[in-house]
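Undergrad:
Protein chains: 2
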Amino acid sequence: MIQNLTEHDREHLQEALVKSGQKVTPQREAVFTVLLAQRDHPTVDEVFNRAREVMPGLSLATVYNCLETFVGCGLVRQVNHERESTRYCPNLAPHAHFRDKATGRVHDIELPPEVLKSLRSILPPGFDSEVIEISFHGRAQSGEQTSN
Amino acid sequence: MIQNLTEHDREHLQEALVKSGQKVTPQREAVFTVLLAQRDHPTVDEVFNRAREVMPGLSLATVYNCLETFVGCGLVRQVNHERESTRYCPNLAPHAHFRDKATGRVHDIELPPEVLKSLRSILPPGFDSEVIEISFHGRAQSGEQTSN
DNA sequence: CTTGGGAGTTAGAATGATTCAAAATCTCAC
DNA sequence: GTGAGATTTTGAATCATTCTAACTCCCAAG
Ligand SMILES: [Mn+2]
Ligand SMILES: [Mn+2]
Ligand SMILES: [Zn+2]
Ligand SMILES: [Zn+2]
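Taken in sequence, the protein lines are chains A and B. Heads up: the first sequence at position 75 corresponds to 75 in this note's numbering, and the numbers run straight through without jumps. Remember, this note's numbering sits 148 above the position in the second sequence when you count from 1.
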């Protein structure tokens with residue numbers, strides 16, 4: 001179920017790590033592979049369990065470390081909903097998140113530039129935002145899928 | 149520093165509680181008063197410390213209970229940013245939150261209906277959202293104040 | 001080759017916000 | 001005034017995350 005990284009993805013990983021002075025390690029490859037394999041916004045524990053299948057000695061602390069590293073070098077985003085466990089998302093395009101009340105699943109929602117712009121426009125002068133997080137909570141007809 | 153509730157606010161509290169089959173208690177009044185007195189999105193601990201000044205025997209668990217009750221009957225909103233402590237907001241108008249990176253303070257940002265509409269419009273068919281949360285993170289020129 | 005240092009990994013302990021459980025107190029309808 | 005149910009209180013439990021310290025890897029300098 002867990003494919004290897006494509007050449008492109010491996011380069012993406014290497015470039016981001018090296019650019020921030022860090023090394024490509026087997027653990028980081030495994031964790032990154034898990035994130036790309038199934039883009040369902042897994043929690044740390046889910047990443048841990050999936051990655052362990054392919055690298056049995058991997059530790060939970062390392063998964064935390066890898067994910068923190070990836071966030072730090074811009075390879076993935078953290079996704080939080082209320083106080084639930086943090087989830088991770090490798091989709092770097094601007095997008096919002098929809099959490100399905102029934103299943104708990106998180107879907108990516110594409111965010112068109114003009115909507116993003118209208119959002120930025122509500123900030124009064126003097127407010128300068130680097131990050132905007134948008135999250136929906138509700139019901140999705142089962143079978144609904146976004147394109148990620 | 150902690151004013152009593154206005155007649156209007158007291159009625160607002162009573163109405164919301166009674167409507168959902170719950171009672172007005174001194175603890176609930178104290179906690180609600182604290183929330184209205186200073187609309188700075190306090191954490192549970194901040195509410196606890198402020199409310200204790202006026203009701204020394206109040207317990208932390210009760211503050212958690214009161215706030216949960218208020219959220220349940222729609223008197224206040226929870227505000228979460230990443231994994232920080234939950235904050236509470238009695239502003240019931242549709243609004244977004246701006247967290248100032250420098251001070252940690254959270255500001256209300258008015259959300260015009262047309263922007264809200266454009267946001268809802270990005271949901272693909274089949275997605276039905278009950279709650280939308282929007283939060284900005286960045287810098288606010290010191291002294292900037294929103295109108296809440 | 002050795003060796004030493006830095007980065008990364010690991011197991012396990014610590015943290016801290018929140019929740020839970022059980023006993024005590026209050027309230028209100030009867 | 002009584003009793004049932006709601007609320008409050010204290011202290012313990014939970015659990016995601018962070019921290020600590022020991023261990024492993026890797027490489028570059030000697
Ligand atoms: Mn790429
Ligand atoms: Mn009102
Ligand atoms: Zn996403
Ligand atoms: Zn607010």
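Think of the CB as a built atom: it goes at the ideal place given N, C-alpha and C, for glycine as much as any other residue.
For S168 of chain B, count neighbouring C-beta atoms within 10 Å of its own C-beta (all shown protein chains included) and say buried if the count is 16 or more, exposed if not.
TA: It counts as exposed.
Undergrad: Taking 7 Å as the cut-off, is the CB of N228 of chain B close to at least one heavy atom of ligand 4?
TA: Answer for N228 of chain B: no, Cβ out of range of ligand 4.
Undergrad: State buried or exposed for E216 of chain B, treating a residue as buried only when at least 16 other CB atoms are found within 10 Å of its CB.
TA: E216 of chain B is exposed by the Cβ-count criterion.
Undergrad: Quick check on the burial criterion: 16 or more other C-beta atoms within 10 angstroms. Buried or exposed for V131 of chain A?
TA: Under this definition V131 of chain A is an exposed residue.
Undergrad: Can you tell which of B:P273, B:D248 and B:F275 has the C-alpha that lies nearest to the C-alpha of H285 of chain B?
TA: Minimum Cα distance to H285 of chain B is reached at B:D248.
Undergrad: Just to confirm, is the Cβ distance from V182 of chain B to R198 of chain B under 8 Å?
TA: Yes; because the gap between Cβ atoms is below 8 Å, this pair is in contact.
Undergrad: When every heavy atom of ligand 4 is checked, does at least one fall within less than 7 Å of the C-beta of H245 of chain B?
TA: Within the cutoff, so yes.
Undergrad: Give the secondary structure of A96 of chain A by DSSP, where H, G and I count as helix, E and B as strand, and everything else as coil.
TA: Looking at A96 of chain A - three-state DSSP - the assignment turns out to be strand.
Undergrad: Where does L208 of chain B land, buried or exposed, given buried means 16+ other C-beta within 10 angstroms?
TA: Exposed: under 16 other Cβ atoms inside 10 Å.
Undergrad: Report the rounded CA-to-CA distance for P178 of chain B versus V195 of chain B, giving the unit in angstroms.
TA: With the sequence shown as reference, residue 178 of chain B is identified as Ala, and Pro is not the correct amino acid for it. Computed Cα separation, rounded: 10 Å.
Undergrad: Cβ closer than 8 Å: which chain A residues qualify as neighbours of L271 of chain B?
TA: In chain order: F98, I109 and F136.
Undergrad: DSSP on C73 of chain A, reduced to helix/strand/coil?
TA: Here C73 of chain A sits in coil by DSSP.
Undergrad: Would you mind stating whether L17 of chain A and I257 of chain B have Cβ atoms separated by less than 8 Å?
TA: Not closer than 8 Å, so no.
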